[in-house]
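Everything below concerns the one structure shown next.
There are 2 protein chains.
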Amino acid sequence: MIPTESTMPELRKDPIMGRWVIIAPDRLTRPQNVRDDLAAPDPPAFDPFLEGHEEATTPEILAYREPHTQPNGPGWRVRVVPNKFPALRVEGQLTNRGDGMYDVMSGIGAHEVIIECPHHETNMSRLSVDNIREVLWAYRDRLIDLKKDRRLVHGLIFKNKGALAGASLDHSHSQLIVNPIIPITIQEEMDGAEAYFRYRGRSIFADMVQQELATGKRVVIDSGNFLVFCPFASRFPFETWIVPKNHTSHFENISRQGVDEMGVVLKRTLQKLELALDDPPYNYVIHTAPFDVQEVRHYCWHLEIFPRLTRVAGFEWGSGFYINPVTPEHAAAFLRDTDVE
Amino acid sequence: MIPTESTMPELRKDPIMGRWVIIAPDRLTRPQNVRDDLAAPDPPAFDPFLEGHEEATTPEILAYREPHTQPNGPGWRVRVVPNKFPALRVEGQLTNRGDGMYDVMSGIGAHEVIIECPHHETNMSRLSVDNIREVLWAYRDRLIDLKKDRRLVHGLIFKNKGALAGASLDHSHSQLIVNPIIPITIQEEMDGAEAYFRYRGRSIFADMVQQELATGKRVVIDSGNFLVFCPFASRFPFETWIVPKNHTSHFENISRQGVDEMGVVLKRTLQKLELALDDPPYNYVIHTAPFDVQEVRHYCWHLEIFPRLTRVAGFEWGSGFYINPVTPEHAAAFLRDTDVE
Chain G
2 MIPTESTMPE
12 LRKDPIMGRW
22 VIIAPDRLTR
32 PQNVRDDLAA
42 PDPPAFDPFL
52 EGHEEATTPE
62 ILAYREPHTQ
72 PNGPGWRVRV
82 VPNKFPALRV
92 EGQLTNRGDG
102 MYDVMSGIGA
112 HEVIIECPHH
122 ETNMSRLSVD
132 NIREVLWAYR
142 DRLIDLKKDR
152 RLVHGLIFKN
162 KGALAGASLD
172 HSHSQLIVNP
182 IIPITIQEEM
192 DGAEAYFRYR
202 GRSIFADMVQ
212 QELATGKRVV
222 IDSGNFLVFC
232 PFASRFPFET
242 WIVPKNHTSH
252 FENISRQGVD
262 EMGVVLKRTL
272 QKLELALDDP
282 PYNYVIHTAP
292 FDVQEVRHYC
302 WHLEIFPRLT
312 RVAGFEWGSG
322 FYINPVTPEH
332 AAAFLRDTDV
342 E
Chain R
2 MIPTESTMPE
12 LRKDPIMGRW
22 VIIAPDRLTR
32 PQNVRDDLAA
42 PDPPAFDPFL
52 EGHEEATTPE
62 ILAYREPHTQ
72 PNGPGWRVRV
82 VPNKFPALRV
92 EGQLTNRGDG
102 MYDVMSGIGA
112 HEVIIECPHH
122 ETNMSRLSVD
132 NIREVLWAYR
142 DRLIDLKKDR
152 RLVHGLIFKN
162 KGALAGASLD
172 HSHSQLIVNP
182 IIPITIQEEM
192 DGAEAYFRYR
202 GRSIFADMVQ
212 QELATGKRVV
222 IDSGNFLVFC
232 PFASRFPFET
242 WIVPKNHTSH
252 FENISRQGVD
262 EMGVVLKRTL
272 QKLELALDDP
282 PYNYVIHTAP
292 FDVQEVRHYC
302 WHLEIFPRLT
312 RVAGFEWGSG
322 FYINPVTPEH
332 AAAFLRDTDV
342 E
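Same order as they appear, the protein sequences are chains G and R.
With my numbering, the residue at position 43 of the first sequence is 44, and numbering never jumps.
With my numbering, the residue at position 66 of the second sequence is 67, and numbering never jumps.
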């Protein structure tokens, strides 16, 4: 009933909003077709991300392995492979053309999957702190590598946890999409933060961390170098951000020490959300500055987590307008009181 | 397990993006709590929107009735009531205050439900053309009335069809939220359209209609005064827009003739989507210019329909970044070929 197509992905610009969209028709070759029910499917019986099933994925780009183990064989702890159904592709030339009043760019980029553990585990929060640290380190390694490709300007790291949050496999994994354009939300954040800096001479992220620490009412975890809080204008119930206190614009410039601490913080945050909200589906996204921008004083990378709790009123997509039935103060207090020690 | 709250709704501004969010904690008194499963619930056995059940809703604001029938009794064709769980409230004073670096506004506004028919019908497409015309006319009537309240600046009309698109009742209905601020998507559209007009001296909507008619490949219906098409940079599979060819910035200035024709066009569009996509959940939103803006040559109201087909990868909310697995050319051809006569 649904048409199938097989052409190269392309990036198209919305002429009114200036937002780019990936039109990636060959993702239709996925087992689920477009009219896939939003209802949670059973996870497939076969787990292609399991240790020993390496032949079921595309060949690995990166793996942290035990000594004397072979690429694409067992013995890895974290493994990165190209997405089997990529939204963007590395091969080809980056072209930019007009189509009457419209703008089109070839769908050049990278779409990778970070397999977070060799055993079958659905919840990142149940991985060891060391394991989570290696996942974060893999994010960094891949960004640093892909940054060398001068055609690409921004790397978006994200996680879909649970079928209702968009995951098609339940083995814990994240994804990386590296783009020849800057996603509009990142651009708008950069612009907003820059305007604030011009006006006040201070970083909006630093001011936010300071005010959150001063009032304390939206703080979930204060770990020393990271602040976990529910933002003042949360769009979703239990929306939670992790922001480094030592201001850095690019996630990939994180230190080994930073990753060590963030591993603990991320695990505790996810544990709290899962315990408080009964293992909800969720998404997280790392917002980081574009590749071709130097370290800037006005922008700070951070991680945004969105538990998928409310029945989604999709008109938000059509209006940018959000209704949140839980105050962030209430959500933060609830998460603070959720003891995961 | 989930905290309950009961305070007045407020509007909060995201300090980085400038986006306003409604924090409406008393919507938690809804039967579904926050940790409501996203899975489709059974519709309740009792339909409060049915003719004869008028006492089950809040008292009506507007109803198109048969002669000699009483308000809040049977005999209506289309009926508008305040939302029982409003995101915004008409009562109170519009205040605007700072909270440190943050901005807050009292949650003043209107949140109404347009009950589209007296009998139990889940699909707007199955209503008669005359019935749909009266629904559109009710949208117009309510906007014109609410516009008189000088505290309010923008009216957002939208429909959630199906539980998976956010509807909590299956009786066909739409909603209207009238705001003391302009939703960011509308503001960005206005800004983008104005920049285009300054640069080219033409409306981007008129240019878009012209190019779509010229190529024809994304056109679904060309009705004379309305163009139905799948936009060039569609974010979602089968995203479909209805745009008037006679350029008007405010929906509420639509003529009786315009409503007559749009009733036919909207019915046929929804019929096509439902037949082609096997009765999908969907949302639609009417984008219209703010109340306090005069008729402008650069902006044109339009209706955007989003069938909810793909498993939602919520990271879009965190990035503004969309991946669409169906080209709009393919979607439009498929809808054109779907015969609903």
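Yeah, the Cβ is synthetic: ideal placement off N, Cα and C, and Gly gets one too.
Determine, using beta carbons only, whether residue i comes closer than 8 Å to chain R.
i	result
Ile243/G	no
Gly225/G	no
Gly193/G	yes
Met9/G	no
Gln258/G	no
Gln212/G	yes
Pro83/G	no
Pro326/G	yes
Phe307/G	yes
Ile62/G	no
Ala139/G	no
Gly99/G	no
Leu39/G	Unreliable positioning characterises Leu39/G in this predicted model, as indicated by a pLDDT of 39, which lies under 50. A coordinate reading is not provided.
Ile205/G	yes
Ala88/G	yes
I'd like to know whether the C-beta of residue i is nearer than 8 Å to at least one C-beta of chain G.
i	result
Lys14/R	yes
Asp208/R	yes
Ile24/R	yes
Met18/R	yes
Gly321/R	yes
Val221/R	no
Ala290/R	no
Asn284/R	yes
Specify the secondary structure class of residue i as computed by DSSP and reduced to three states.
i	result
Met263/R	helix
Val130/R	helix
Ile255/G	coil
Ala166/R	helix
Tyr283/G	strand
Phe307/R	strand
Gln295/G	coil
Trp242/R	strand
Arg66/R	strand
Lys160/R	strand
Glu275/R	helix
Pro60/G	coil
Phe323/R	Here residue 323/R is Tyr; the residue named in the question, Phe, does not match the sequence. Strand.
Tyr300/G	coil
Gln211/G	helix
Ala111/G	strand
Pro49/G	coil
Leu12/R	strand
His54/R	coil
Val341/G	coil
Gly99/G	strand
Going along the chain, which residues of its own chain have a beta-carbon closer than 7 Å to the beta-carbon of residue i, five neighbours each way excluded?
i	result
Leu271/G	Met125 and Ser126
Glu61/R	Pro72, Asn73, Arg80, Val81 and Val82
Asn325/G	Ser235, Arg236, Phe237 and Pro238
Apart from the five residues on each side of it in sequence, which residues of its chain come closer than 8 Å, Cβ to Cβ, to residue i?
i	result
Leu51/R	Pro119, His120, His121 and His172
Tyr323/R	Arg236, Phe237 and Glu317
Arg141/R	Phe252, Glu253, Ile255 and Val260
His54/G	Phe47 and Asp48
Met102/R	Pro16
Give me, in chain order, the residues of the same chain whose beta-carbon lies closer than 6 Å to that of residue i; leave out the 5 immediate sequence neighbours on both sides.
i	result
His299/G	Ala194, Glu195, Phe198 and Ser204
Val91/R	Ala111
Ile185/G	Arg20
Ile287/R	Ile158, Phe252 and Leu304
Thr339/G	Lys273, Leu276 and Ala277
Pro49/R	Ala57 and Thr58
Tyr65/G	Arg78, Val79 and Glu135
Met191/R	Tyr300
Could you tell me whether the Cβ of residue i comes closer than 8 Å to any Cβ of chain B?
i	result
Ser235/R	Reference to chain B is not applicable here, since the protein chains of this structure are G and R.
Is it the case that the stretch 107-117 of chain G contacts the stretch 145-158 of chain G, given that we only count it when at least three CB pairs across the two stretches are under 8 Å? yes
With contact counted as at least three CB pairs below 8 Å, one residue from each stretch, are the stretch 290-307 of chain G and the stretch 139-155 of chain G in contact? yes
Cβ-based contacts, 9 Å cut-off: residues of the stretch 174-190 of chain R near chain G: Gln176, Ile178, Asn180, Pro184, Ile185, Thr186, Ile187, Gln188, Glu189 and Glu190
For the stretch 143-160 of chain R, enumerate the residues whose C-beta is nearer than 9 Å to any C-beta of chain G, in chain order. Leu157, Phe159 and Lys160
For the 8 Å Cβ check, are there 3 or more pairs between the stretch 204-215 of chain R and the stretch 260-267 of chain R? no
At a CB distance below 8 Å, what residues from the stretch 102-122 of chain R approach chain G? Give them in sequence order. Met102 and Tyr103
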